[in-house]
Amino acid sequence: MKLIDKIVEAIQNKKGQRIVTIDMRKLSPKPCDWFVIAEGGSNVQVTAIADEVEDFVREQTKEKPIAIAGRDNAEWIALDYGNVMVHIFQRAAREYYDIEQLWADGIIKQIEE
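Per this note's numbering, the sequence shown starts with residue 36, numbered consecutively.
The following block contains the structure:
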């Protein structure tokens, strides 16, 4: 899916780490079709990754997020593209919320760094 590929590319542009996609299309109920999850090493990097996703995806696909949450403290920024949710975490927040485990029934793919 082009949107997923461009989101992953944007995350890689800013050196996002531990990138994972979760295909949830066969789950019911589900919040969306896809999650893209990654992490940054600081609130500055998490913000930079989220900004890159927003800007790069808009340039490449003309898609804009419906909503963005979490910019205030940048421990966890979520970008909502409707059928795709992007989650950019700091490591401690990612480990605490462990959303990969919550949605482990989906098809989880780790992206090579």
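Using N, Cα and C, we set each Cβ at its ideal position, and we do this for glycine too.
| Asked | Found |
| --- | --- |
| Of the residues 65, 70, 64, 141, the one placed nearest residue 40, counting alpha carbons only | 70 |
| CB-CB length for residue 52 against residue 148, believed under 8 Å | 7 Å |
| Residue 114 versus residue 92: straight-line alpha-carbon distance, rounded | 11 Å |
| Nearest to residue 105 (by Cα), restricted to the options 121, 90, 96, 64 | 121 |
| CA nearest to the CA of residue 116, picked from 62, 143, 68, 144 | 68 |
| Cβ pair residue 96, residue 49 closer than 8 Å | no |
| Check whether residue 135 and residue 72 have beta carbons under 8 Å apart | yes |
| For residue 74, three-class secondary structure by DSSP | strand |
| Alpha-carbon spacing of residue 119 relative to residue 60, whole angstroms | 11 Å |
| Distance CB(residue 146)-CB(residue 54) smaller than 8 Å | yes |
| Nearest residue (CA-CA) to residue 89, options 43, 133, 127 | 43 |
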